[in-house]
Structure formats: structure tokens, C-alpha cells
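Encoded as C-alpha cells, the structure appears first; notes follow it.
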Amino acid sequence: MPEERAADRTVVWVVSAFSNPASADSPDRYRFICQELTDRGASVVQFVSAFDHNSRTRRRIGPIPWRCVEVYEPGYARNVSLRRVASHLVFDSLIGFYFLGEAVRGGMPDTILAALPHNGAACVAAAFARVGRARFVVDIHDTWPESILSVTRVSPILRLPYEAWKGAADLAIAAADDAYGESVEYARRADTVRLRVGRPAAQAIYLGGDLDYYRRVGSAESLPRELNGATFLLAYAGTLGANYDLDCVLDAYARFSVECPEAGLLLLGGGEREADLRLRISRLGLKAWVSGHISHPELLRYLARAHVGLNCFKAGGNVAYSYKLNDYLLSGTPVVNSLPGETAALIEKWGIGANYRAGDPESLLEALRTCRSRWRVDPAWKERVRGFSTAHLDRKTSYRAILDSCLRRGGGGRG
Numbered sequence: 006m007p008e009e010r011a012a013d014r015t016v017v018w019v020v021s022a023f024s025n026p027a028s029a030d031s032p033d034r035y036r037f038i039c040q041e042l043t044d045r046g047a048s049v050v051q052f053v054s055a056f057d058h059n060s061r062t063r064r065r066i067g068p069i070p071w072r073c074v075e076v077y078e079p080g081y082a083r084n085v086s087l088r089r090v091a092s093h094l095v096f097d098s099l100i101g102f103y104f105l106g107e108a109v110r111g112g113m114p115d116t117i118l119a120a121l122p123h124n125g126a127a128c129v130a131a132a133f134a135r136v137g138r139a140r141f142v143v144d145i146h147d148t149w150p151e152s153i154l155s156v157t158r159v160s161p162i163l164r165l166p167y168e169a170w171k172g173a174a175d176l177a178i179a180a181a182d183d184a185y186g187e188s189v190e191y192a193r194r195a196d197t198v199r200l201r202v203g204r205p206a207a208q209a210i211y212l213g214g215d216l217d218y219y220r221r222v223g224s225a226e227s228l229p230r231e232l233n234g235a236t237f238l239l240a241y242a243g244t245l246g247a248n249y250d251l252d253c254v255l256d257a258y259a260r261f262s263v264e265c266p267e268a269g270l271l272l273l274g275g276g277e278r279e280a281d282l283r284l285r286i287s288r289l290g291l292k293a294w295v296s297g298h299i300s301h302p303e304l305l306r307y308l309a310r311a312h313v314g315l316n317c318f319k320a321g322g323n324v325a326y327s328y329k330l331n332d333y334l335l336s337g338t339p340v341v342n343s344l345p346g347e348t349a350a351l352i353e354k355w356g357i358g359a360n361y362r363a364g365d366p367e368s369l370l371e372a373l374r375t376c377r378s379r380w381r382v383d384p385a386w387k388e389r390v391r392g393f394s395t396a397h398l399d400r401k402t403s404y405r406a407i408l409d410s411c412l413r414r415g416g417g418g419r420g
């Protein structure tokens, strides 16, 4: 028999495979949503992968204020690989059994919120919500694998499961009572499906952050020895992967460092291109440092000292607004950006950085020159960027629509 549940408590399941609920200071969107739902009196169950996508290790979660269920998947080493597809398929195949176990333990949910990706798991969640007469809500926080397919050559054999996974996203989006996206483009992606089947339009809710957390982490006291003498710091934060414009960054930086000998480059992250980038940096003799995988607070401490954050994606991808962009802005770091559309317009409108054409070292070099000139005439530029973030990226305000949707009964739910 299910454990007894209070009649007035809304039961919300949150399916967010890539979430890291371990730290109260985490910038993770779904960790914050689970905390806020719990604080509002909901009974929350979060389903995450037992494999940590960022560290590529088994996940370790300590005590948290809501129930967290770790769903098994075998893991993978590379973002673009059959092994990753297979690993996610295991998660998607097993999630239904975990749902059944949780329903026996604690009863059926009133609402299921599913993050996309995992697309297959979201489809299972949609079916489970339909059977259990629960509300179903989706939130698009990435368009993987579409973003990979558009910038990386993939063999026909590998492309087929990626296309199938994209189709799974369409099914989940069409089934949702409410849909959200972490950018206007992601919301439009949802509407290509939702409007066709008579569903309400998706709502864009940008990634937000805990302003106090970003202020509290402080600044790195010293720089790595590879950056000795550097006083104008460029920083890239995130995965060193195939869909990022990192070769262009090194080409442009090699020229910029001749004009600006006090420049230093931080590549804050790890990934499948880490060894290759280290080798190129060594061959070019650049004043640059590759951190490998580091904790989020440590990453932010370096960003606090940076003068430019590199939001550099290859052309042709579907990324519209990124976690790394949020980290830069909430840290007060002006951004050099390659994403067209809404991100480029945001940066231009608010004067919080400069844009360049992806894959064009000359265009990136000119953007770096622009930022250097701006710093010379506006030494308080960092505070102006922080002011923008305070006004527009406070998640305590911006995430209310998702929270209200999860707590609302009726619609697709049981009433």
C-alpha cells in the first residue's frame, strides 16, 4: 500500500536526468524548482540519473529536503557516441519501472514536470501522467541532439537513433499541458509541435540564478602559473566539446595576445577536446590554462577576475541561451558571443559585451578589441553587467510561472 499522504499536499514528480541536487548553492534550474516546490508545501520526488554527466562518474547525493530517486544508466565518456545513446536508452527503458515503484510507495503524482532532454523518459512520463490523470509539464533546457546534428558530422548509423530521440521530444512536447523553454528559440521549437496540435503556446523563461550565491563565492586569490603576468583575462566556461568554437578562439587569441601582451586565457572545463586543445596551446606558445573538470564555485571564482567571457558556439547549432552565458552575466563578466538571434540582440541592447561571427577569427579578434577599449573607458563595466543580472536574471522571480503550473490542479490532472 502507498504511504499515507496529506490530502492537501500536491505531489510533484520532477524528471531531470542531468540535475545535480547535491548542493544548496547549485545553479541547477531543477534543483531550485524542487526546493521551491518543497518550501511551498508540495511533496516532491525528483528522478535523476545515477551517472553524473559533468564528472562522468557515479553520482553521490547526500541528504536533501525532498525524495530523490537515482535511475540507473551505465554512463559514457564522449558526448557524441553510440555509447551515450545506449546509456540514455537504458535510462529511458528503466524509468517506467522506477515510476511504478514510486507510485506503490507514495501514490500517484498530481503533476509530472519533465526536462527535455531526456526525451525518451519524458515520453514515458507523458504516458504515465495520462494513465494517472496527472498534469504534465515539459521544460526544454537543451535541444540535444539537434544541436549536435547541426554542427557535427555523424555517421548514418549514429544519426538514426539521434533522429528518433528528436521525435521522442516532439511527442512529449505535444502531450504537455504546459510547456516552457529556457529561451525564446526553445519556446518556438516547442510551438512548432504544440500549435499544430492545438496546444497553448510555450513560454520562454530564461535561466536564472541565485544572486546571493554568485556574490558570495568571491574571487580567485591567485592565477595558475601558466598565466603569470596576465592582467586582462579572457575566460571560457563549460565543456570542451565539438560544438564549441574553440579552434576559432585559439586562432583569434594568438593574434590578440600579440597586440595585448598582458592577456591571459582560461579554459574552465574538460571534455573530449581537452587533450587536443592543450597540445595546440603548447604548440602555439600561448599564455593559456586548461583547468579540466572543476567545481562550480571554483569556476565562478575565476570568472570573477575575468574581463571577458567567451560564449562561443559553432555556427548552425540550435542553442539560443546557455548556462555559460548565465554564469558570465551573473558573475558580472562582459560577454563575447557567437550565438545569433536573441542572445546577440540581448548583448547589443544592454551593452553587456560584443558579438562575433562563429568560425571567423578576424571577427572574434575585433570583438576582443572592442571589449578591451570599453574596459579602458569604463572600468566599472563589471558592475553594470551585474546590474543587468540583478534586474533580469533573479530566478526567485522569473521561475514563478513554472512553479505555479506544477502546483495547479486540474487540466490534465485529477482535479
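At position 410 of the sequence shown (counting the first as 1) the number is 415 in my numbering, and the numbers step up by one without a gap. Even for Gly, the Cβ is constructed at its ideal location relative to N, Cα and C. From a predicted model like this one, the values you see are computed outputs, not experimental measurements.
Within the region 139-222, the runs of beta strand (DSSP E) at least 3 residues long that lie entirely inside it are, in chain order, 140-145 and 183-186. For W71, there is no enclosing beta strand (DSSP E), as DSSP gives it neither H nor E. Around the beta carbon of L273, 16 or more other beta carbons sit within 10 angstroms, so the residue counts as buried.
At the C-beta level, L238 and H312 come within 9 Å of one another. Burial check for D409: the Cβ neighbour count within 10 Å stays below 16, so the residue is exposed. V142 sits away from G101, with the two beta carbons spaced by 9 Å or more.
For the pair D44 and W380, the Cα-to-Cα distance works out to about 42 Å. With contacts defined as CB atoms closer than 9 Å, F52 and V76 qualify as a contacting pair. Within its own chain, the residues whose Cβ lies closer than 6 Å to the Cβ of A119, once the five positions on either side in sequence are excluded, are V20, A127, A130 and V143, listed in chain order.
Boundaries of the beta strand (DSSP E) around T116: T116 to L121.
Taking each of G214, D175 and A22 in turn and checking the Cα distance to D196, the smallest one comes out for D175.
A direct Cα-Cα distance of roughly 7 Å separates L251 from C317. Secondary structure in the region 250-301: the beta strand (DSSP E) runs of 3 residues or longer, each lying completely within the stretch, are 268-273 and 293-295 in chain order. The beta carbons of E277 and A242 sit about 17 Å from each other, so the pair does not count as a contact at 8 Å.
Counting of Cβ neighbours within 10 angstroms places K401 among the exposed residues, the total staying below 16. For secondary structure counted as the alpha helix (DSSP H) over 4 or more consecutive residues, the region 29-72 holds these complete runs in sequence order: 34-44. With a cutoff of 9 Å on beta-carbon distance, L330 and T348 are scored as near each other.
Counting C-beta atoms within 10 angstroms of its own C-beta, L105 has fewer than 16 neighbours from the protein chains shown and is therefore classed as exposed. Boundaries of the beta strand (DSSP E) harbouring F237: F237 to A242, taken from the DSSP string. The beta carbon of L270 sits closer than 6 Å to those of L239, Y258 and A293, all from its chain and outside the five residues before and after it, given in chain order. Bounds of the beta strand (DSSP E) holding V17 are V16 to V20.
Shown here, N331 sits in a helix according to DSSP, grouped into three states. At a Cβ-Cβ threshold of 9 Å, E279 and L308 do not count as neighbours. Shown here, F318 sits in a strand according to DSSP, grouped into three states. The three-state secondary structure of A396, taken from DSSP, is helix. Spatial neighbours of P302 in its own chain (CB-CB distance under 6 Å, excluding positions within 5 residues in sequence) are listed in chain order as V222. Going by DSSP, G356 is part of no alpha helix (DSSP H) at all; its letter is neither H nor E.
The beta-carbon distance between V95 and E78, rounded to whole angstroms, is 5 Å. This is short enough to meet the 8 Å contact definition. CA-CA distance, G203 to S24, rounds to 31 Å. Counting along the chain, no beta strand (DSSP E) covers N124; the unbroken alpha helix (DSSP H) around it starts and ends at N124 to G137.
Between L212 and E187, the C-beta spacing is below 9 Å.
G111 is positioned such that its CB atom lies closer than 9 Å to that of R72.
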